[in-house]
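**Q** Under my numbering, the letters of the sequence shown match residues 99 to 366, in that order.
Note that the Cβ used here is the ideal one computed from N, Cα and C, for glycine as well.
Sharing a structure here in structure tokens format.
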Amino acid sequence: MRRGALLAAVCSATLSLAGSAAVAQVYTRLNANGVVEATNVPDSPAYALTYPGKGTLIHSRGFVRAYSGQFDHHIDAASSLYQVSPDLVHAVIAAESEFDQWAVSSKGARGLMQLMPPTARRFGVADPFDARQNIMAGAQYLRVLLDQFQGDVALALAAYNAGENAVVRYRGIPPYRETRGYVRKVQDLLGAGFQAVPPPTSSASFYVPSAATSALRPSLARPPARPKRIEPARPRMYYRWRDERGTSHVAEAPPPEGTVYSTIRALD
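See below:
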């Protein structure tokens, strides 16, 4: 019933973020008082480009806004593997691409979960338009972000949109209109009636209950509260190899002994 309600919300919602041009590029500078200032119209060479945005979503030819559940088996598999709520993955896909497998953006994001090329490489995606690869990588990225921000879903969503270092830099949801709107959009798609299932071993694995969601929304209208702890993002070591079938694998644990592999130090 929860899945059906979510799909109904997806089909009826007007996804203004995905269907219109994203906010212009964001430039920042550190003023004389040590405060970070952000603008999309820089009037001084002291401003530096810090957030290019994902650009405008471009739907594939013949795309119809009517999702019929054809990707649910991939979503369920990814959610089970990475311990992320399937409803959260559904909502992110809805906000990112409206379930258009072949969607692209003017800044290079691709596929159902609109993976930027560095993110696709980070998680070993050979074909970002392959539904299973795209969903698996997007869910794994959500898992990484939930772990990094101690289960704070709002911060994880902000990082999915703007990058984890932007969240670390601003000690909360960055002051980007696109990012704040994106966090609201996903929360609205999940809806106030969303009920969290009993948590697994990791408390960050599932979406927060609706009561906590309601408490998060007002914070988007004012400067975000500082979380208790945000650890700086650091490069991680990943192992990449291909199995006997030619399938590419990327993991933090090394492959079985005797397997030829390469290492990756990744940080988006």
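Assuming residue 183 is part of the alpha helix (DSSP H), what are its boundary residues?
**A** Taking the first residue of the sequence shown as position 1, residue 183 is located at position 85. Looking at the DSSP string, residue 183 is not in any alpha helix (DSSP H), and its letter there is neither H nor E.
**Q** Residue 210 and residue 79 - do their beta-carbons sit closer together than 9 Å?
**A** Here the chain comprises residues numbered 99 to 366, so residue 79 is not present and cannot be evaluated.
**Q** In chain order, what residues of the same chain have a beta carbon less than 7 Å from the beta carbon of residue 158, not counting five sequence neighbours either side?
**A** Mapped onto the sequence shown, residue 158 falls at position 60. If we look at residue 158 and ignore the five residues flanking it on each side, its Cβ neighbours are 198, 200 and 201.
**Q** Going by the beta-carbon positions, is the gap between residue 274 and residue 260 smaller than 9 Å?
**A** As a first step, residue 274 is located in the sequence shown; it is residue number 176 there, counting from the start. As a first step, residue 260 is located in the sequence shown; it is residue number 162 there, counting from the start. Yes, Cβ-Cβ distance for residue 274 and residue 260 is below 9 Å.
**Q** Measure the alpha-carbon distance for residue 247 versus residue 352 and round it to whole angstroms.
**A** Translated into positions along the sequence shown, residue 247 becomes position 149. Translated into positions along the sequence shown, residue 352 becomes position 254. Cα-Cα distance, rounded: 25 Å.
**Q** Anyone know if the C-beta pair for residue 222 and residue 347 falls short of 9 Å?
**A** Translated into the one-based positions of the sequence shown, residue 222 becomes position 124. Translated into the one-based positions of the sequence shown, residue 347 becomes position 249. In contact: residue 222 and residue 347 (Cβ atoms closer than 9 Å).
**Q** Does DSSP put residue 45 in a helix, a strand or coil?
**A** Outside the shown range of the chain, which is 99 to 366, sits residue 45, and nothing can be said about it.
**Q** Which one of 130, 195, 181 and 187 has the shortest CA to CA distance from residue 161?
**A** Position 63 of the sequence shown holds residue 161. Taking only the C-alpha atoms, the option nearest residue 161 is 195.
**Q** Answer with buried or exposed for residue 173, where buried requires no fewer than 16 other C-beta atoms within 10 angstroms of its C-beta.
**A** By 1-based counting over the sequence shown, the position of residue 173 is 75. The residue is buried, with at least 16 neighbouring Cβ atoms inside 10 Å.
**Q** For residue 284 versus residue 175, is the C-beta distance shorter than 9 Å?
**A** Along the sequence shown, read from residue 1 onward, the residue named residue 284 stands at position 186. Along the sequence shown, read from residue 1 onward, the residue named residue 175 stands at position 77. Not a contact, by the Cβ cut-off of 9 Å.
**Q** Skipping 5 residues on each side, what residues in its chain have a beta carbon closer than 6 Å to that of residue 180?
**A** As a position in the sequence shown, residue 180 is number 82, starting the count at 1. Excluding sequence neighbours, residue 180 sits near 237, 238 and 241.
**Q** Could you please give the first and the last residue of the uninterrupted beta strand (DSSP E) stretch that includes residue 349?
**A** Here residue 349 refers to the residue found at position 251 of the sequence shown. Run containing residue 349: 346–349, per the beta strand (DSSP E) assignment.
**Q** To the nearest angstrom, how far is the alpha carbon of residue 277 from that of residue 341?
**A** Position 179 of the sequence shown, counted from the start, is the residue given in the question as residue 277. Position 243 of the sequence shown, counted from the start, is the residue given in the question as residue 341. About 38 Å.
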